[in-house]
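S.K.: Respectively, the protein sequence lines represent chains A and B.
The first sequence: position 123 = 1071 (my numbering), numbered continuously.
The second sequence: position 42 = 990 (my numbering), numbered continuously.
Using N, Cα and C, we set each Cβ at its ideal position, and we do this for glycine too.
Right, I'll just put the structure down here and ask away after.
2 protein chains.
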Amino acid sequence: MQDWLDEIHWNADGLVPAIAQDYKTGRILMMAWMNRESLALTARENRAIYWSRSRGKLWRKGEESGHVQKVHELRLDCDADVIVLQVEQLGGIACHTGRESCFYRVFEDGAWKVVDPILKDPDAIYHAGHRHE
Amino acid sequence: MQDWLDEIHWNADGLVPAIAQDYKTGRILMMAWMNRESLALTARENRAIYWSRSRGKLWRKGEESGHVQKVHELRLDCDADVIVLQVEQLGGIACHTGRESCFYRVFEDGAWKVVDPILKDPDAIYHAGHRHE
């Protein structure tokens, strides 16, 4: 009864990229990875739950920061190997740098230029030693 | 003088995910992959040039279909391992199925449901034997 999960073409590590987009503004907030369990939990709980490759465990987005992503819609692409999540970003901050979006650098004149402000000091968001939530 | 390319954290295969978003509507059209050469060419030519993993060669999006993506902006994320492209999608069709976006399936009632129309028959877009451009 979980055919929808079987339709996904997981990569060699059992993961797919998951793109989180603000459901109101359309801004792309971040891209992370999901495994079968995290996608199943995301659909069940209607909040974004990723797989942290660096920590090798489930990452309940916002578990420490409070910056939970409430899921409004899940989409799958033609090759069944990429997910798009329409989310409501609680706190208005998706990035661990304290910015709205992780995509805060624009290519200009041959360089990546930071164009978005830090909305909240990461030290005020996270406890010591847990910068990536 | 290509420091901006050295800042990218390429994966073990020398690739990064590249997300194409409609620069006017914000709709996410597709996600593909880029290597160093394809990203350099994308920036130089202001059109999306991906790396086709299945064919193992550069993929000048629209080379056969005419559905070129003109690049308006390139962004890089905090971890320097994902690119977002703001594009103008010529022909209004990004997907090889003939749809506007590759993300045409929505999760509903435990299943992936096709919700977007085919705008043009793929047979009319591609020549025989070249379905993925």
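#1: Where does A/W952 fall in DSSP's three states?
#2: Rounded to the nearest angstrom, what separates A/K907 and A/W999 at their Cα positions?
#3: I need the straight-line Cα distance from B/I997 to B/H1020, nearest angstrom please.
#4: In three-state terms, what does DSSP make of B/P1070?
#5: Between the alpha carbons of B/L977 and B/A988, how many angstroms are there, rounded?
#6: Run through the region 983-1011 of chain B for me and flag every whole beta strand (DSSP E) of 3 or more residues, listed as ranges in chain order.
#7: Roughly how many angstroms lie between the CA atoms of B/W958 and B/T973, to the nearest whole one?
#8: When DSSP builds the beta bridges, which residues end up paired with B/W1060?
#9: When DSSP labels each residue in this structure, what does B/L1038 get in the three-state scheme?
#10: Can we say the region 1040-1054 of chain B touches the region 1010-1029 of chain A, given the rule of at least three CB pairs closer than 8 Å?
#11: Starting from the C-beta of A/G962, find all residues in its chain whose C-beta is less than 7 Å away, skip the five residues before and the five after it, and write them out in chain order.
#12: Report the neighbours of A/A1021 on chain B: residues whose CB is nearer than 8 Å to its CB, in chain order.
#13: Between B/E1056, B/H1044 and B/I967, which has its C-alpha nearest B/A1072's C-alpha?
M.R.: Looking at the atomic coordinates:
#1: Under the three-state reduction of DSSP output, A/W952 falls in the helix class.
#2: Because chain A in this structure spans residues 949 to 1081, residue 907 of chain A falls outside the shown range and cannot be described.
#3: The straight-line gap from Cα to Cα measures roughly 14 Å.
#4: Correct three-state label for B/P1070: helix.
#5: Cα to Cα, B/L977 sits roughly 21 Å from B/A988.
#6: Within the region 983-1011 of chain B, the complete beta strand (DSSP E) segments of 3 residues or longer fall at 997-1000 and 1005-1008, listed in chain order.
#7: So the two alpha carbons sit approximately 29 Å from each other.
#8: Partner(s): B/F1055.
#9: When DSSP states are grouped into helix, strand and coil, B/L1038 belongs to the helix group.
#10: Touching, per the Cβ criterion.
#11: Excluding residues within five positions, the ones whose Cβ falls inside 7 Å are N983 and R984.
#12: A small fix is needed here, since residue 1021 of chain A is Glu in this sequence, not Ala. Simply V1054 and F1055.
#13: Put simply, of B/E1056, B/H1044 and B/I967 the residue whose alpha carbon is nearest the alpha carbon of B/A1072 is B/H1044.
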